[in-house]
Amino acid sequence: MFWYIDPSHTAVNFSVKHMMVTTVRGSLGKVRGRIELDPEHPEKGDFEISATVKGINTGDARRDGHLQSADFFDAEKYPEITFKSNAVFPKGEGHYTASGDLTIREVTRPVSFD
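Here our numbering is used: the first residue of the sequence shown is 152, the next is one more, and so on.
Below is the structure:
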């Protein structure tokens, strides 16, 4: 099965501990990408997803502006955050874990998403 992500019905949400005291929650901007997944062979799945940084929203306009600045994501120079899977594992009925590479500001790190 092959899907293109519908940006009007898709969100990338996050939560981050701030100074180990509070949790900041938010979402990124426009999401685009594709997903290929055969439920009979999920290990052959392939995801490629990106989201714009300019649309970041944490509910605090001042913080959002700071996150978009060169101090953090540098949205002008690096407008997107991307994830490219390299493995997909079943985690239960209709649930999967995707492992792959997350790229932010041209720095790529291995991550897993449920």
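C-beta: ideal position from N, C-alpha, C; glycine also. Since this is a predicted model, take the numbers as computed values, not measurements.
Residue i - DSSP class collapsed to helix/strand/coil
| i | result |
| --- | --- |
| Ala249 | strand |
| Asp215 | helix |
| Pro190 | coil |
| Ser159 | helix |
| Lys195 | helix |
| Ala221 | coil |
Range covered by the beta strand (DSSP E) that runs through residue i
| i | result |
| --- | --- |
| Glu227 | Careful: Glu227 lies outside any beta strand (DSSP E) and carries neither H nor E. |
| Ser263 | Val258 to Phe264 |
| Val204 | First-last for Val204: undefined, no H or E at that position. |
Separation of residue j from residue i, as counted between CA atoms
| i | j | result |
| --- | --- | --- |
| Val172 | Lys195 | 40 Å |
| Phe223 | Asp215 | 10 Å |
| Thr259 | His217 | 22 Å |
| Met152 | Lys228 | 35 Å |
| Ser250 | Arg213 | 33 Å |
Residues near residue i in its chain [Cβ-Cβ closer than 7 Å; skip 5 each side]
| i | result |
| --- | --- |
| Gly180 | Ala202, Thr203, Val204, Lys205, Gly206 and Ile207 |
Proximal residues to residue i (C-beta, below 6 Å), its chain only, five neighbours per side dropped
| i | result |
| --- | --- |
| Leu253 | Phe234, Arg260 and Val262 |
Cβ shell of residue i (< 8 Å), same chain only, five flanking positions each side left out
| i | result |
| --- | --- |
| Pro193 | Val239, Phe240, Pro241 and Tyr247 |
Neighbour-count burial assignment, residue i, 16 or more Cβ in a 10 Å radius
| i | result |
| --- | --- |
| Phe165 | exposed |
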